[in-house]
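Contents: one structure, followed by commentary.
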Amino acid sequence: MADRRYIRNFGIIAHIDHGKSTLADRLLERTGTLAKREMREQFLDDMDLEREMGITIKANRATIKHVHNGHEYMLNLIDTPGHVDFHYEVSRAMAACDGVLLLVDATQGVQAQTVANAYLAVESNVEIVLVINKIDLPGAHPDEVALEVEQILGLAAEDAIYTSAKTGEGLDELLSAVCEKIPPPVGDHDAALRALIYDAKSDQHRGVISHLRVIDGSVKRGDKIRMMAVGSEHIVTEVGKYTPKPAAVAALGAGEVGYLVAGIKTLVDVNIGDTITLALAPATKALSGYQAPSQMVFCDFYPGPGTETSDLREAMEQLWLNDSSFTYEPATSDALGIGFRCGFLGLLHMKIIQERLERESDVNIVQTAPTVTYELALNDGTIMHIQSPSAMPDASKIMEIREPFCVANVIIPADYVGALMALALDRRGVHKKTEYLSTTRVMITYEFPLGEIIYDFYDKLKSCTRGYGTVDFEFSEFRGGQLVKMDVLVNAIAVDALSVIVHRDKAARRGRNLIIRLKKEIARHQFEIPLQAAVGTKVIARETIKAFRKNVTAKCYGGDVSRKRKLLEKQKEGKKRMKNVGNVEIPQGAFMSILDPGD
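Residues 765 to 1363 (my numbering) are what the sequence shown spells out, left to right.
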């Protein structure tokens, strides 16, 4: 086991696209952990989807060795995601770290997730090393960016390390800073074993592989361990480190980060944040752990053409074994049959889960529009939470509908303040404060209803700021308002999957826009299809999809007009009968069309 004085556990945190994964690649290469022939871009991002999208979805780890001042240091590196949806991955990784490298792009400066991650590091009480990256780019202004970080976050500009993860410039100074500035782990090697599980994944052949940091004591193959929260006991079959490929070691001691295999069959048997101790010599007090991720966005997945419900259930069970950050439970719809109500961390997370299901399990999915959780105060004094408008009880039982609000920090160039204010006003945003980061950049804090910004707010922000705006948001509270349920009727039948909860002032405009978009999405049938948006019994918008028409009198030349009339009446009766028995086919695009709030 390594000497704790020469162990450094650190993570890389930054806004999305500031170069975390590229810097991890260069560190692996510079320390000789991987040979040049083994290297590939985004080496630690082992998921195909991560490579294609160019983002990190799951936090990844690697143990590298570096000689500094005559001593060999063991550096345990964790590369974290930068997108706001995976903020919980960053918080979990912090629990395994004693310090972080806060990466800031020398061309873009401080962004929304830079601020959010820096605050997270401060709350976690870990050492922060400021790194200004991408200094090789023509538009780089590292000195200005370092001063900007000092002004906003209070990190000394003179201590910043300038690097280029692309060319490798400044990496030697960075490695020295990791050894000198990040403190060694604390812990007692002779105390009872206490190890924190900060992540886990399921392997088809070996069962659950738990990623852990040993706080006190040590663990080795053959030990009988106990999960302190669950209470289950297992025999350790292997402990090891990622170098960055899995490599078994004799034991993991206090302060070390690694993995553990103990014949645990499914992720259900492992709690992220649980404490591992020895069954024969247990610790008396468990580690504090951390809260489970809370799902922010919900939608329904139903089997599409050629897919059975059983196929979709099996696919979701398999995916959940490797990513337990989403939830699912059975749901039924009159229009779509039997499916699943799923909860996600955000919209990107939802798209990734859908993509993985379709790729890895070859299933077709019909997805309904995403919604957020609403809190209902009922007349009998009880509080009820619903994730779908279709789950709402009768309106006479509801005293108040409360929607989730979040605090959003938006960073934009000062020239676009007016455009942002117009966008925020349209989304019912409440301005809280404005801070000038520099003469050209400003951070504005708003309170938004979460339902107004989950779908396209980020895209609209990018459009109105010419790509320079960034946003980070965090749930704050449920708040009452003038909210109503708007039903959508297709051919006089309410389609529960198209129902939405909207603000009363926006209901008429939203209903009209929705019905117009639905009319474009639903194909013409052999019968006329009325489309209606209604609040309660009041219809607030209507459009009609005209039927296909055949000229049944085309062959009638002259003669008695009653013959033509008879043919037209016969056609009319036939269409009326078809309207009563015919089914309207609603495409996937129709369900997604309700996402866009419209102009």
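No residue lacks a Cβ here, since even glycine has one placed at the ideal position from N, Cα and C.
Since the model is a prediction, treat every value here as computed from it, not as a measurement.
Among residues of its own chain, excluding the 5 on either side of V909, which ones have a beta-carbon nearer than 7 Å to its beta-carbon? V868, A870, G873, I896
First and last residue of the beta strand (DSSP E) that includes S940? Careful: S940 lies outside any beta strand (DSSP E), inside the alpha helix (DSSP H) at 935 to 945.
If contact is defined by three or more beta carbon pairs under 8 Å, each pair taking one atom from either stretch, is the region 1004 to 1024 in contact with the region 973 to 985? yes
Return the residue from the list L1100, T1073, C1106, Y1066 that minimises the CA-CA distance to W1084. C1106
So, for V1345: in the same chain, excluding its five sequence neighbours on each side, which residues have a beta-carbon less than 7 Å away from its beta-carbon? The pLDDT assigned to V1345 is 43, lower than 50, so where the model puts this residue is not dependable; a value taken from the coordinates is nonetheless given after this. Taken in chain order, the list of residues that qualify is empty.
Out of E1081, D789, S1240, Y770, which one is the CA nearest neighbour of G834? Y770
C-alpha gap between F1108 and E1119, whole angstroms: 14 Å
Determine, using beta carbons only, whether L1051 and L957 come nearer to each other than 7 Å. no
In this structure, does DSSP put H830 in helix, strand or coil? strand
Could you tell me whether the region 1166 to 1184 touches the region 1199 to 1217, using the rule of 3 or more Cβ pairs below 8 Å? yes
Less than 7 Å separating the beta-carbons of H779 and Q877? yes
Find out if the Cβ-Cβ distance for the pair S1097, E912 is shorter than 7 Å. no
Buried or exposed (CB count within 10 angstroms, at least 16 for buried), A882: buried
Straight-line gap, A859 to V950 (C-alpha atoms, nearest Å): 13 Å
Helix, strand or coil: which one does DSSP assign to F1221? helix
Would you mind giving the Cβ-Cβ distance between V1371 and I1217, rounded to the nearest angstrom? I have them listed as a contact below 8 Å. Outside the modelled stretch of the chain, which goes from 765 to 1363, sits residue 1371, for which no answer is possible.
Touch test, the region 773 to 792 against the region 889 to 908, Cβ-Cβ under 8 Å, three pairs minimum: yes
Which residue from R1191, V1254, D1251 puts its Cα closest to that of K1224? R1191
Grouping DSSP H, G and I as helix and E and B as strand, with all else coil, what is I1280? helix
Taking C-alpha atoms, which residue in Y1222, Q1151, S1240, A1272 lies nearest to L1112? Y1222
Determine the contact status of Y1066 and V1130, defining contact as a CB-CB distance below 7 Å. yes
Give me the Cβ distance between A1012 and G1004, rounded to the nearest whole Å; I'm assuming they're in contact under 8 Å. 4 Å
Within a Cβ cutoff of 7 Å, which residues of the same chain sit near A920, ignoring the five residues on either side of it in sequence? E914
Take S1240 as the anchor and find which of D1251, R1230, F1169 has the nearest alpha-carbon. F1169
Over what stretch of residues does the beta strand (DSSP E) that includes I961 continue unbroken? 958 to 967
Would you say T927 and L938 are within 7 Å of each other, going by their C-beta atoms? yes
Taking the beta carbon of S1058 as the centre, do at least 16 other beta carbons fall within 10 Å, making it buried, or is it exposed? exposed
On a CA-only basis, which of D952, V1254, V1127, T1234 is nearest Q875? Give me that one, please. T1234
Please classify K1249: is it buried, with 16 or more other beta-carbons within 10 angstroms of its beta-carbon, or exposed? buried
Using only alpha-carbon positions, find the residue among S1152, T1137, G863 that is nearest to R1243. T1137
M991 classed as buried or exposed, judged by whether at least 16 other C-beta atoms fall within 10 angstroms: buried
What span of residues does the beta strand (DSSP E) with R1243 cover, start to end? 1234 to 1244
Please report the distance separating the alpha-carbon of L1295 from that of T1308. 6 Å
Find out if the Cβ-Cβ distance for the pair I842, R856 is shorter than 7 Å. no
Can you pull the DSSP bridge partners for H975? D963, Y1023
Just mark E1167 as buried or exposed, buried being the case when its beta carbon has 16 or more other beta carbons within 10 Å. buried
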